[in-house]
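Protein chains in written order, with the working numbering: chain A, 3 to 117; chain B, 31 to 141.
What follows is a short report on a single structure.
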């Protein structure tokens, strides 16, 4: 089945630094990737949608200059949290949609802790 | 605004019984519906997808869709302790790739 690899699974960083999270579709081409954030005991909140080779579309209230998304190829999308602050601590999850696979495949998630 | 509503629970079901999870959606143009299972600290995994009115069965799971009532459900037969998780309902529209997720129902199977 379709597999999406997400790294790192867990990261702790200091306030003010930047963190990059990678999301790779291993066995299919992902035309669209989605980035979600999930706070404890809450549902998934869509942050942005990215299509290969074009700029990401951000949801209302999500700062595009803070959460940089790059979807340079059909198998790789990255999310960079810039100048991270403790309130950015959350569970970040990517999801990929491909033309040849049914449904949306989620990555394993990244637990970000900003200290 | 598109909304997907779920009872947050917790829903407690004895082992071996049928667990029934419900979901309603507000956007009438929604065409695709998904049930995801999420264990604590893990990412969601797809359980079922359904696109047409009626029932769809896969092993111990049955998804039911009623577009007239804008209602989706998931039945889990012969519930096992390993089914204890949060179940997320999601709806999507053809032509719009974004999914709208409900807040999830926490299910606990009691041994």
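A virtual CB, placed ideally from N, CA and C, is assigned to each residue, including glycine.
8 Å Cβ cutoff, residue i in contact with chain B
i                      : result
residue 14 of chain A  : no
residue 63 of chain A  : no
residue 110 of chain A : yes
residue 80 of chain A  : no
residue 45 of chain A  : yes
residue 95 of chain A  : yes
residue 76 of chain A  : no
residue 28 of chain A  : no
residue 106 of chain A : yes
residue 99 of chain A  : yes
residue 70 of chain A  : no
residue 48 of chain A  : yes
residue 51 of chain A  : yes
residue 34 of chain A  : yes
Minimum Cβ-Cβ distance from residue i to chain A less than 8 Å
i                      : result
residue 74 of chain B  : yes
residue 35 of chain B  : no
residue 89 of chain B  : no
residue 46 of chain B  : no
residue 95 of chain B  : no
residue 124 of chain B : no
residue 133 of chain B : yes
residue 129 of chain B : yes
residue 64 of chain B  : yes
residue 104 of chain B : no
residue 79 of chain B  : yes
residue 137 of chain B : no
residue 41 of chain B  : no
residue 118 of chain B : yes
Residue i classed as buried or exposed, judged by whether at least 16 other C-beta atoms fall within 10 angstroms
i                      : result
residue 58 of chain B  : exposed
residue 67 of chain A  : exposed
residue 27 of chain A  : buried
residue 107 of chain A : buried
residue 90 of chain A  : buried
residue 140 of chain B : exposed
residue 92 of chain A  : buried
residue 73 of chain B  : buried
Contact set for residue i: own chain, Cβ-Cβ below 7 Å, skip 5 residues either direction
i                      : result
residue 54 of chain A  : 33, 73, 75 and 76
residue 48 of chain A  : 36, 38 and 61
residue 147 of chain B : Residue 147 of chain B lies beyond the residue range present for chain B, which begins at 31 and ends at 141; the question has no answer from this structure.
residue 108 of chain B : 46 and 90
residue 59 of chain A  : 50 and 51
residue 19 of chain A  : 86
Residues near residue i by beta carbon distance below 6 Å, same chain, minus five either side
i                     : result
residue 51 of chain B : 104, 117 and 135
residue 61 of chain B : 123 and 124
residue 86 of chain B : 80 and 93
Cβ-based neighbour list, residue i, same chain, cut-off 8 Å, excluding 5 preceding and 5 following
i                     : result
residue 46 of chain A : 38, 39, 40 and 95
**Message:** Just to confirm the assignment: which complete beta strand (DSSP E) runs, minimum length 3, are found wholly within the stretch 74-120 of chain B?
**Reply:** The qualifying runs are 75-80, 84-88, 91-96 and 101-106.
**Message:** Can you confirm whether the stretch 88-104 of chain B touches the stretch 65-80 of chain B when touching is taken to mean that 3 or more C-beta pairs between the two stretches lie within less than 8 Å?
**Reply:** Yes, since at least three Cβ pairs between the stretch 65-80 of chain B and the stretch 88-104 of chain B fall closer than 8 Å, the two stretches touch.
**Prompt:** Is it a yes or a no for the stretch 74-92 of chain A touching the stretch 31-49 of chain B, going by three-plus beta-carbon pairs under 8 Å?
**Reply:** Judged by Cβ distances under 8 Å, the stretch 74-92 of chain A makes no contact with the stretch 31-49 of chain B, as fewer than three pairs qualify.
**Stretch-stretch touch, CB-based, cutoff 8 Å, three pairs: the stretch 34-43 of chain A with the stretch 7-18 of chain A** = In the pairwise beta carbon analysis, the stretch 34-43 of chain A is classified as not touching the stretch 7-18 of chain A: fewer than three pairs are separated by under 8 Å.
**Asked** Do the stretch 92-102 of chain A and the stretch 19-31 of chain A meet, that is, are 3 or more Cβ pairs less than 8 Å apart?
**Response** At 8 Å Cβ cutoff, the stretches touch.
**Message:** Tell me whether the stretch 105-119 of chain B and the stretch 110-117 of chain A touch, counting them as touching only if at least three CB pairs, one residue from each stretch, are closer than 8 Å.
**Reply:** In the pairwise beta carbon analysis, the stretch 105-119 of chain B is classified as not touching the stretch 110-117 of chain A: fewer than three pairs are separated by under 8 Å.
**Message:** Restricting to runs no shorter than 3 residues, where is the beta strand (DSSP E) found entirely within the stretch 57-93 of chain A?
**Reply:** Listed in chain order, the complete beta strand (DSSP E) runs (minimum 3 residues) inside the stretch 57-93 of chain A are 69-75 and 78-83.
**Message:** If we require 3 or more residues per run, which beta strand (DSSP E) segments fall completely within the stretch 4-59 of chain A?
**Reply:** Segments of the beta strand (DSSP E) lying fully in the stretch 4-59 of chain A: 6-9, 12-15, 21-27, 32-40 and 47-53.
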